[in-house]
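This report concerns only the one structure given below.
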Amino acid sequence: MYIDIHKHLAQFDDIPGTCVFTAQRARQGYWLNQFCMSLMAAENRERWKSDEQAYLEAWPMSGDQKQAILDRNYNRALELGGNIYFLAKVFATDGLSFVQAVSTMTGMAVEEYQAMMQSGGRLPEGLRSIKGKY
Amino acid sequence: MARITAGIGTSHIPAIGAALDQGKAHEDYWQPVFKGYQWTKKWISEEKIDVVILVYNDHASAFDMNIIPTFAIGCAEQFKPADEGWGARPVPDIIGHPDLAWHIAQSCVLDEFDMTIINKMDVDHGLTVPLSLMFGRPDVWPVKVVPIAVNVVTYPPPTGNRCWALGEAIARAVASFPENLNVQIWGTGGMSHQLQGPRAGLINQDWDKRFLDGLSGADDTLRHIPHVEYLRETGSEGIEMLMWLIMRGALGDSTKQMHRHYWVPASNTAVGHLVLRPEEKKIL
Chain A
1123 MYIDIHKHLA QFDDIPGTCV FTAQRARQGY WLNQFCMSLM AAENRERWKS
1173 DEQAYLEAWP MSGDQKQAIL DRNYNRALEL GGNIYFLAKV FATDGLSFVQ
1223 AVSTMTGMAV EEYQAMMQSG GRLPEGLRSI KGKY
Chain B
105 MARITAGIGT SHIPAIGAAL DQGKAHEDYW QPVFKGYQWT KKWISEEKID
155 VVILVYNDHA SAFDMNIIPT FAIGCAEQFK PADEGWGARP VPDIIGHPDL
205 AWHIAQSCVL DEFDMTIINK MDVDHGLTVP LSLMFGRPDV WPVKVVPIAV
255 NVVTYPPPTG NRCWALGEAI ARAVASFPEN LNVQIWGTGG MSHQLQGPRA
305 GLINQDWDKR FLDGLSGADD TLRHIPHVEY LRETGSEGIE MLMWLIMRGA
355 LGDSTKQMHR HYWVPASNTA VGHLVLRPEE KKIL
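Chains as they are written, first to last, in our numbering: chain A, 1123 to 1256; chain B, 105 to 388.
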């Protein structure tokens, strides 16, 4: 069945608190994500840890993207084309688990976030659609 | 002839691998997660499987932003566990089955599924955690593995219908492989979870359970679920459940549920697990 790509993509703007990793974001975030990927190599992780700013200079990322990474502002990095599995290389290098890193995007303290998960997670009610409010 | 004798669905949460590797499986937090796999561990030890076709997704480990194959098939002799930033998991290398893998690749391409053939790749938690869940911590994995990596990271991932149909094509390919092999197909990932943004932590137990229900029997409604429904209902990473549809598609017209397990949470995620047998269609 033929799916119109424009209609398909338009639906994604209606999901609250979520950056879908579309082609547009993948293009915008190409170097940001490739920078993250470079941290897969142990020697790069050492260079990154010794001087983050200097390490970023070698990467043709936007100033905003660099700042978002230096600030560990993952919500901003997602908006600027970062993908969570690539950004994971940054927080893994910081020694953070997925739960610790993910909680920083929710505005909750990690203990609060863990307690929410323990009691069944965040309920979908009201979080499926911005327009439809359901 | 080779034949697919069972299908397994399971989450592949990295924290499960870490818990097993660090000997934390007995802890209160993890007990309910692992308890639901005990039935399968016993069952599978008696199944005498030769090969597992293991459908999973790479999480920016083997593939970066330079190469994004929609459907990739691992044809190598062996695959190493990937270093995902925490060091590689201390698990054995994965032994491939190049004869079967190349046969599936050729058969699928002629069946109009244009697979990407991969001769060298490291495999991440998406592939190794399901193996650990079913086989524990052996020195050598007791099965050979044909990895099938699906892009569910960069949009658009394949449609559910396409995944189901790929499963059907894989089943045709296996059935035409001349060697007598007992093959299982595993679909991994999910269930509901979101690892990003202010909506992170989303879990939808009702939806997950309906999805598990829909994999048994002769109904094929699940193949028509649009991407946006996964996103709205199951969180941005719930889209991984597409990979269960490849497993289901490969089991033919109808399936029988042998075992089922569901638990919230493991890390950020709902854990789902299912064992299915293909069932002959009843002719009335």
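For glycine and all other residues, C-beta sits at the position ideal for the given N, C-alpha and C.
CA-to-CA distance, residue j to residue i, given in whole angstroms
i, j, result
"residue 303/B", "residue 325/B", "28 Å"
"residue 352/B", "residue 269/B", "10 Å"
"residue 1125/A", "residue 349/B", "20 Å"
"residue 201/B", "residue 155/B", "7 Å"
"residue 165/B", "residue 371/B", "20 Å"
"residue 369/B", "residue 123/B", "14 Å"
"residue 1130/A", "residue 261/B", "12 Å"
"residue 1191/A", "residue 186/B", "24 Å"
"residue 116/B", "residue 292/B", "6 Å"
"residue 299/B", "residue 150/B", "37 Å"
"residue 242/B", "residue 146/B", "14 Å"
"residue 1235/A", "residue 1242/A", "11 Å"
"residue 167/B", "residue 1249/A", "32 Å"
"residue 1244/A", "residue 1225/A", "12 Å"
"residue 222/B", "residue 163/B", "16 Å"
In DSSP terms, what residue i is bridged to
i, result
"residue 187/B", "192/B"
"residue 113/B", "291/B, 378/B"
"residue 254/B", "175/B"
"residue 278/B", "None, per the DSSP bridge assignment."
"residue 1228/A", "Paired residue(s): none; residue 1228/A is not in a bridge."
"residue 306/B", "1244/A"
"residue 182/B", "199/B"
"residue 286/B", "107/B"
"residue 383/B", "358/B"
"residue 249/B", "156/B"
"residue 373/B", "370/B"
Residue i: first and last residue of the uninterrupted beta strand (DSSP E) it sits in
i, result
"residue 158/B", "155-160"
"residue 358/B", "358-370"
"residue 221/B", "220-222"
Contact check, residue i vs residue j, beta carbons under 7 Å
i, j, result
"residue 377/B", "residue 114/B", "yes"
"residue 274/B", "residue 354/B", "yes"
"residue 153/B", "residue 286/B", "yes"
"residue 138/B", "residue 204/B", "no"
"residue 140/B", "residue 331/B", "no"
"residue 301/B", "residue 1227/A", "yes"
"residue 110/B", "residue 276/B", "no"
"residue 144/B", "residue 379/B", "yes"
"residue 120/B", "residue 290/B", "no"
"residue 1143/A", "residue 258/B", "yes"
"residue 1171/A", "residue 1178/A", "no"
Assigned exposure category for residue i - 16 Cβ within 10 Å defines buried
i, result
"residue 451/B", "Nothing can be reported for residue 451/B, as the shown portion of chain B is limited to 105 through 388."
"residue 218/B", "exposed"
"residue 1256/A", "exposed"
"residue 228/B", "buried"
"residue 312/B", "buried"
"residue 1197/A", "buried"
"residue 347/B", "buried"
"residue 308/B", "buried"
"residue 214/B", "exposed"
"residue 284/B", "exposed"
"residue 180/B", "buried"
"residue 1164/A", "exposed"
"residue 1182/A", "exposed"
8 Å Cβ cut-off: residues of chain D touching residue i
i, result
"residue 194/B", "Although the question refers to chain D, the structure presented lacks it and instead comprises the protein chains A and B."
Span of the alpha helix (DSSP H) around residue i
i, result
"residue 1127/A", "1127-1132"
"residue 1215/A", "1206-1215"
"residue 338/B", "331-338"
"residue 325/B", "Where residue 325/B is concerned, there is no enclosing alpha helix (DSSP H), given that its DSSP letter is neither H nor E."
"residue 232/B", "229-239"
"residue 144/B", "142-149"
"residue 353/B", "346-353"
"residue 137/B", "135-139"
"residue 1178/A", "1174-1179"
"residue 1158/A", "1152-1160"
"residue 1201/A", "1196-1201"
"residue 1138/A", "Residue 1138/A -> no alpha helix (DSSP H), and no H or E assigned at all."
"residue 1185/A", "1185-1192"
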